[in-house]
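Chemist:
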Amino acid sequence: MRIPSLNWRAAATKFWSAVPCRRFGQRSAALPMRRYTNEAGGETQGGGRCVAVDPKRQQGDAHQHARGKTRKPAIPARRSAAVCLAMSLLAAATPLAGAQTLLEGEFGEIDLGRELIGMTHFPTVTELREAVREPQFRCVMMLKLYGDGEHNHHLPIWSADGKRLALQRSKLGTNVSKLLVYPMLSQAEPNALSPETDVYEYMFRWGRNSETAFVFARTQSGGNATQICYCGDGATIEVRTPVSGQYFYPSLYERTDGVRWLAFEHQGQVLHQAWDGGTQEEHVVADGSEPRWSADGKRLLMSRRRGDGPSAAYDVAVRSLKDQTDAIAPVAEGVVRSPVWSPDEQAVAFYVRGVREGDPWQIRVSRLDREPAPTTVIADVVVNPDYKSEGPCWEPSSSRLWCFSHQHRRQEYYPFVVAEISSGRAVLVDYPQRCTNPNDLALNPRTEVPEIAFVGRDGATQDVFIVLLNHY
0 MRIPSLNWRA AATKFWSAVP CRRFGQRSAA LPMRRYTNEA GGETQGGGRC VAVDPKRQQG
60 DAHQHARGKT RKPAIPARRS AAVCLAMSLL AAATPLAGAQ TLLEGEFGEI DLGRELIGMT
120 HFPTVTELRE AVREPQFRCV MMLKLYGDGE HNHHLPIWSA DGKRLALQRS KLGTNVSKLL
180 VYPMLSQAEP NALSPETDVY EYMFRWGRNS ETAFVFARTQ SGGNATQICY CGDGATIEVR
240 TPVSGQYFYP SLYERTDGVR WLAFEHQGQV LHQAWDGGTQ EEHVVADGSE PRWSADGKRL
300 LMSRRRGDGP SAAYDVAVRS LKDQTDAIAP VAEGVVRSPV WSPDEQAVAF YVRGVREGDP
360 WQIRVSRLDR EPAPTTVIAD VVVNPDYKSE GPCWEPSSSR LWCFSHQHRR QEYYPFVVAE
420 ISSGRAVLVD YPQRCTNPND LALNPRTEVP EIAFVGRDGA TQDVFIVLLN HY
């Protein structure tokens, strides 16, 4: 079966109908593919269970439920995981030109498109079932998401729903940076955020409590001013800060009543801007940098510097906007950057290094509600030297952190390092050694199986790769 260009849902629908099972044992919100057509002819949006049943059986289930009985899932959890993984792989292998094909006898000939790395064919269901039964992490598929041979790419950032991806592109040998966005991962190439060529764009961040909005920082060519820009519909860009001055690290929260909250840094202070239509208010929150909104919009996470001079200490703080109080994760002498919430927002993770420029970076974690004193989870980690990373990469369960570490490098190859928060135990996970010097690891926050985006050097340029593993 040939997948038409940019129409992978049709292939996924055929794939689903060919799977000999009645339903997943896991929620569909976990899949990179959020929308599919079920056997009853309707469409189901991700967020509930994936169900594919015939109408008569569905009616029978309703009668059973009315009598206080429910049917058990028709497939074991491991088989469910295999199907989830298969669907994830189909969704990830978005169709382009020049493709691999499935082995014959599984689902017919499916032309996948993107180059598969380290494998000769798309995994069969039998192979996927074997993979999810293995207790160890294992790479099931790797592909190159994007690279043009002319630019370096940095900081892939998943949207909260896992459907979209943003990244940064820099021109070799020039001081140029552009932001690119995949509004749909089925696109062959990402869209440039703006057609302007004389601007330096960076510090991209998806909005909280919003499906489409995002913010970023922009510097005009030859100018000293850095402005914060807002985009609510994916197309129209609004400048939210004055034309002069330096404004950094934007974070956006959209309220359900239409009011937008923007936090950013200006002259060593975190500012809070609220606007709705033509009305705007702005005030100082606290001395600090790199603010991040909580999911409910009631708290701001930030890094704060104590004192002056080369040995100044830093704290990571969570400011309650209602009570105007701070929960502090104190850090001794050193440099702090990129604090991030855990997915359940019960902890924060951040990078720390000594005061000397060459000191190794560590990932520390603080549970502000119970143990505010941070603990080191992973040492000598790889961080982006040119751009402040999105921060340490949390697993959706909030129980582990993923990264690359210089301690485990093998020449120019770095395996994934997966560290347990509770015990500090680390596991190494390999993938095909196609690229070197990887960086900027990001996990899709909405998948049941690890879907990992990262950048690595492939020849002269740094490109974006995707790896899918067998399970968490």
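Position 65 of the sequence shown, counted from 1, bears residue number 64 in numbering that gives the first Met the number 0, the numbering being contiguous throughout.
Ideal Cβ positions, reconstructed from N, Cα and C, are used throughout, including at glycine.
#1: Is it right to say His405 is buried, meaning 16 or more other beta carbons lie within 10 angstroms of its own, or is it exposed?
#2: Hey, how far is the Cα of Glu280 from the Cα of Gln361?
#3: With the cut-off set at 8 Å, would you say Gln268 and Leu261 are in Cβ contact?
#4: How would you label Leu127, buried or exposed, when you count the other beta carbons within 10 angstroms and need 16 or more for buried?
#5: Can you give me the C-alpha to C-alpha distance between Gly148 and Ala459, rounded to a whole angstrom?
#6: I'd like to know whether the C-beta atoms of Val335 and Val351 end up nearer to each other than 8 Å.
#7: In whole angstroms, what separates the C-alpha of Leu101 from that of His120?
#8: Identify, in the order they occur along the chain, each residue of the same chain with its Cβ nearer than 7 Å to the Cβ of Val283, setting aside the five sequence neighbours on each side.
#9: So what does DSSP say about Leu127, is it helix, strand or coil?
#10: Please name the residue in Tyr313, Asp379, Cys138 and Tyr248 whose C-alpha comes closest to that of Pro431.
#11: Let me check one thing: in DSSP terms, what residues is Glu329 bridge-paired to?
#12: Drop a sphere of 10 angstroms on the beta-carbon of Lys297, count the other beta-carbons inside from all chains shown, and report buried for 16 or more, exposed for fewer.
#13: If contacts are defined as beta-carbon pairs under 8 Å, then Phe349 and Ser302 qualify, I think. What distance do you get, rounded to the angstrom?
#14: In this structure, does DSSP put Gln345 in helix, strand or coil?
#15: State yes or no: is the C-beta of Val330 within less than 8 Å of the C-beta of Val339?
#16: Span of the beta strand (DSSP E) holding Gly455?
#17: What are the start and end residues of the beta strand (DSSP E) that includes Glu280?
#18: Compute the Euclidean distance between the alpha carbons of Thr278 and Gly257, then round it to the nearest angstrom.
#19: Output needed for Ala425: all residues of its chain with C-beta closer than 6 Å, excluding positions within five of it in sequence on either side, in chain order.
#20: Output yes or no for whether 8 Å exceeds the beta carbon distance between Leu178 and Glu200.
#21: When we look at the beta-carbon of Leu427 and count the other beta-carbons within 10 Å, is it buried (16 or more) or exposed?
#22: If you reduce the DSSP assignment to three classes, tell me which class Arg363 lands in.
#23: Compute the Euclidean distance between the alpha carbons of Gln410 and Phe136, then round it to the nearest angstrom.
#24: Please confirm whether Gly296 has its beta-carbon closer than 8 Å to some beta-carbon of chain B.
#25: Please identify the residue among Arg254, Glu253, Tyr229 and Gln219 whose C-alpha is closest to the C-alpha of Gly244.
#26: Under 6 Å Cβ to Cβ from Leu237, same chain only, skipping five residues before and after it: list those, please.
#27: So for Asn469, helix, strand or coil by DSSP?
#28: Counting only the same chain and skipping the five closest in sequence on each side, list residues whose C-beta sits under 7 Å from that of Pro444.
#29: Locate the beta strand (DSSP E) running through Ser388, then write down its first and last residues.
#30: Starting from Ser422, follow the beta strand (DSSP E) in both directions and report where the run begins and ends.
#31: With Phe263 as the anchor, note down where its beta strand (DSSP E) starts and where it stops.
#32: State the DSSP-derived secondary structure class of Glu103, mapped to helix, strand or coil.
#33: Distance check for Pro241 and Val448, CA to CA, integer angstroms please.
#34: Please name the residue or residues paired with Ile156 in a DSSP beta bridge.
#35: What is the rounded straight-line gap between the Cα of Ala234 and the Cα of Tyr181?
#36: Can you find a heavy atom of the ligand NAD that lies under 7 Å from the Cβ of Asp358?
Modeler: Taking the structure as given:
#1: Classified as exposed, His405 has fewer than 16 neighbouring CB atoms from the shown chains inside 10 Å of its CB.
#2: Straight-line measurement puts the Cα of Gln361 at about 38 Å from the Cα of Glu280.
#3: With contacts defined as CB atoms closer than 8 Å, Gln268 and Leu261 fail to qualify as a contacting pair.
#4: Under the 10 Å beta carbon count, Leu127 is surrounded by 16 or more other beta carbons and is classified as buried.
#5: Taking the straight line joining both Cα atoms gives about 7 Å.
#6: Yes, Cβ-Cβ distance for Val335 and Val351 is below 8 Å.
#7: Any answer about Leu101 is weak, because its pLDDT of 47 lies below 50 and its placement is not dependable; what the coordinates show is given next. Leu101 and His120: Cα-Cα distance of roughly 6 Å.
#8: Excluding positions up to five away in sequence, the list reads Gln268 and Leu270.
#9: For Leu127, the three-state secondary structure derived from DSSP is helix.
#10: That would be Cys138, whose Cα lies nearest to the Cα of Pro431.
#11: For the record, residue 329 in the displayed sequence is Pro; it is not Glu. According to DSSP, Pro329 shares a beta bridge with Asp314.
#12: When all chains shown are included, Lys297 counts as exposed.
#13: Confirmed, about 7 Å.
#14: Gln345: coil per DSSP, three-state reduction.
#15: In terms of Cβ geometry, Val330 and Val339 do not form a close pair [threshold 8 Å].
#16: Gly455 -> beta strand (DSSP E) spans Glu450 to Asp457.
#17: Residues Thr278 to Asp286.
#18: Each residue's alpha carbon lies about 12 Å from the other.
#19: Taking C-beta separations shorter than 6 Å and ignoring five residues to either side along the sequence, the partners of Ala425 in its chain run Val416 and Ala418, following chain order.
#20: Yes, the pair counts as a contact, with Cβ atoms nearer than the cut-off.
#21: Exposed is the call here.
#22: Strand at Arg363.
#23: If I take the Cα positions, the gap works out to 22 Å.
#24: Absent from the structure is chain B; it holds one protein chain and no more.
#25: The shortest C-alpha separation from Gly244 is found at Gln219.
#26: This sequence places Glu at residue 237; Leu is not what is there. Around Glu237: Tyr229.
#27: Residue state, collapsed to three classes: coil.
#28: In chain order, Trp157, Ala159, Gly161, Pro342 and Pro395 place their CB closer than 7 Å to the CB of Pro444, counting only its own chain and leaving out the 5 sequence neighbours on each side.
#29: First-last for Ser388: undefined, no H or E at that position.
#30: From DSSP, Ser422 is part of no beta strand (DSSP E); its letter is neither H nor E.
#31: Counting along the chain, the beta strand (DSSP E) containing Phe263 begins and ends at Arg259 to His265.
#32: Its pLDDT being 48, under 50, Glu103 is placed unreliably by the model, and the measurement read from it follows with that caveat. Correct three-state label for Glu103: coil.
#33: Looking at the backbone, the Cα of Val448 and that of Pro241 are separated by about 44 Å.
#34: Ile156 pairs with Ala165.
#35: CA-to-CA, the gap between Ala234 and Tyr181 works out to about 13 Å.
#36: The ligand NAD is not part of the structure shown, which contains no ligands of any sort.
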